[in-house]
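Residues in the sequence shown are numbered from 75 upward in steps of one, following the numbering used here. We put the CB at the ideal spot given by N, CA and C, even for glycine. Source: prediction; values computed, not measured. Only one structure is covered here, and it is reproduced in the block below.
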Amino acid sequence: MYETFFNLKRKPFDLLPDPDFLFMSKSHKKALSYLDYGIRERAGFILLSGEVGSGKTTIIRNLIKKHLDNVVLSKIFNTRIDSEQLIAMINDDFGLPVQNKNKITMLRDLNLFLIEQYMKGNRPVLIIDEAQNLGHELLEEIRMLSNLETDNAKLLQIILVGQPELRKTLASPELIQLRQRISINCHIQPLTQPETELYILHRLEKAGNRDAALFSPDTMTIIYTYSRGIPRLINIICDFILLAAFAEETTTIDVALVKDIIGDLDFDNHFWGGEESQEQTADSRGNPAFQSALSDINDRLNTMGKSSE
């Protein structure tokens with residue numbers, strides 16, 4: 075909507091996890107290097123945690139993009155399942171038949187498949203997102219999958235991706251065996267204030283115009299304060315800032331405009347500060363705060379259109 079006005083080739087603050095927009099903060103660099111090492115060394119268990127919207131999915135997509143040549147991938151996003159459903163989803167992702175097969179048969183098929191891939195020099199990787207939703211029983215089932223191995227190598231690498239609650243779950247005494255098998259352990263920290271400023275400029279540059287909008291230091295401070303350095307929240311705020319600036323036909327982002335958007339989005343509300351799941355926040359534009367903000371900006375656009383008639 076506003077791309078042409080700001081001389082941008084694409085939207086800079088989309089919520090979709092696009093590896094091309096990956097911003098390498100100190101924490102993201104560390105996480106990606108750990109994960110890269112884990113894949114190369116066939117680490118059995120890898121743990122990646124971070125707040126909602128911190129960039130976990132983008133990191134994972136970037137990792138897979140780097141290893142596309144020899145990675146065979148299974149991705150699990152629905153973690154409210156039982157153990158048999160889990161095995162069926164893994165096998166189905168790997169292209170194995172699952173219809174009319176019981177759990178034992180599917181495990182046998184999976185083991186044979188993993189051996190075959192190992193002989194071909196491929197690396198089967200299982201990524202389980204939203205892993206904080208997994209119960210102890212299912213986590214133990216996943217641990218058992220790591221027993222599929224040769225004398226000198228793991229046949230299946232497992233990456234658990236989740237919110238900080240996952241770490242609390244793994245700290246329970248009942249899961250000590252699983253915890254001890256995690257060889258790569260990383261947590262994505264929120265961006266610092268200087269990183270937040272660089273992140274915004276990075277996104278604009280990747281979208282085609284680093285100088286699309288002029289953010290004053292004070293506006294950057296406000297954005298950092300209300301986003302808490304969480305990339306997804308930065309994107310939400312900045313997307314609406316650019317939309318409002320477009321409506322006012324300005325490329326200068328001042329404090330008044332930013333405060334107006336913060337008010338429109340109701341960022342003092344607990345809605346933005348909770349631990350809601352990725353599914354709930356990925357399409358946040360459906361919530362009342364977004365609808366109110368859109369209505370307000372539409373009014374501005376209509377007023378601007380009438381004044382030009």
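Contact between ALA286 and LEU82 holds, with the beta-carbon distance rounding to 6 Å and staying under 8 Å. GLN237 is a Cβ neighbour of VAL126, given a cutoff of 9 Å. If you ignore the 5 residues before and after ARG277, its C-beta comes within less than 8 Å of the C-beta of PRO86, PHE87, PHE95, PHE97, ASN309, CYS312, all in its own chain and listed in chain order. Restricting attention to ARG116, ALA162, GLY124, ARG154, the CA atom closest to the CA of GLY303 is found in GLY124. A residue is called buried when at least 16 other Cβ atoms come within 10 angstroms of its Cβ; GLY129 meets this threshold and is buried. In the three-state reduction of the DSSP assignment, THR326 falls in the strand class. DSSP places ARG253 within a helical segment (H, G or I) once states are collapsed to three. Bounds of the alpha helix (DSSP H) holding ILE189 are 177-193. At a Cβ-Cβ threshold of 9 Å, ILE233 and LEU244 do not count as neighbours. Rounded to whole angstroms, ASP334 and ASP183 show a C-alpha spacing of 58 Å. ILE315: member of the alpha helix (DSSP H) spanning 305-321, first to last residue.
Closest option to ALA330, judged by alpha-carbon separation, among PRO305, MET294, LEU307: MET294. By the C-beta density criterion, THR78 is exposed, having fewer than 16 other C-beta atoms within 10 angstroms.
The beta carbon of SER107 is closer than 7 Å to none in its chain, skipping five residues each way along the sequence.
Within the stretch 126-164, complete beta strand (DSSP E) segments of at least 3 residues are found at 145-150, given in chain order.
When the five nearest sequence neighbours on each side are left out, the beta carbons in the same chain lying within less than 6 Å of the beta carbon of CYS260 are those of ALA105, TYR108, LEU122, in order along the chain.
Look at PHE79 here: in three-state DSSP terms it is coil, with no helix or strand label. Under DSSP, GLN231 takes part in a beta bridge, and its partners are VAL199. With a 10 Å radius around the Cβ and a threshold of 16 neighbouring Cβ atoms, GLY118 comes out buried. Check the Cα spacing between MET193 and each of TYR111, ASN144, GLN254: the tightest is with ASN144. Within the model, the alpha-carbon separation for ALA227 versus THR270 is close to 41 Å. For GLY112, the enclosing alpha helix (DSSP H) begins and ends at 100-114. Rounded to whole angstroms, the gap between the alpha carbons of SER290 and ASP328 is 7 Å. Secondary structure of ASN283 (DSSP, three-state): coil.
Collapsing the DSSP output to three states places SER123 in a strand. For ARG253, the closest of HIS210, LEU229, LEU288 by C-alpha to C-alpha distance is HIS210. Under the DSSP assignment, ASP292 falls in the alpha helix (DSSP H) whose first and last residues are 291-301. Within the same chain, and ignoring the five residues on either side of GLN251 in sequence, the residues whose Cβ sits closer than 7 Å to its Cβ are ARG217. Distance from ASP203 to ILE150 at the Cβ level is roughly 7 Å; contact confirmed, criterion being Cβ atoms closer than 8 Å. Taking a 10 Å sphere around the C-beta of GLY112, we find 16 or more other C-beta atoms and assign the residue as buried.
Looking only at LEU222, GLN267, ALA319, the smallest Cα-Cα distance to ILE296 is reached by GLN267.
Within the model, the alpha-carbon separation for LEU170 versus GLU115 is close to 26 Å.
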